[in-house]
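In the numbering used here, the protein residues as written are 349 to 417.
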């Protein structure tokens with residue numbers, strides 16, 4: 349069995365919509381509370397990809413679903 353050091357990261361997520369050239373555009377930013385860095389994203393997919401990269405390579409244990417769902 350492989351031992352892993354626990355990691356903990358805390359982010360403040362900000363989502364807002366601006367009107368650019370007559371079209372609503374979603375803006376997304378994450379603020380890493382631990383190191384103070386800000387990261388901005390063009391879309392939710394990019395934000396999720398960034399967060400996935402922050403996790404160390406370790407087995408993923410998805411939450412168990414109740415039977416019948």
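We put the beta carbon where it would ideally sit given N, CA and C, even for glycine.
- Where residue 415 is concerned, there is no enclosing alpha helix (DSSP H), because DSSP gives it neither an H nor an E.
- For residue 403, there is no enclosing beta strand (DSSP E), since its DSSP letter is neither H nor E.
- The alpha-carbon of residue 402 is positioned some 20 Å away from that of residue 363.
- Boundaries of the beta strand (DSSP E) harbouring residue 387: 386-389, taken from the DSSP string.
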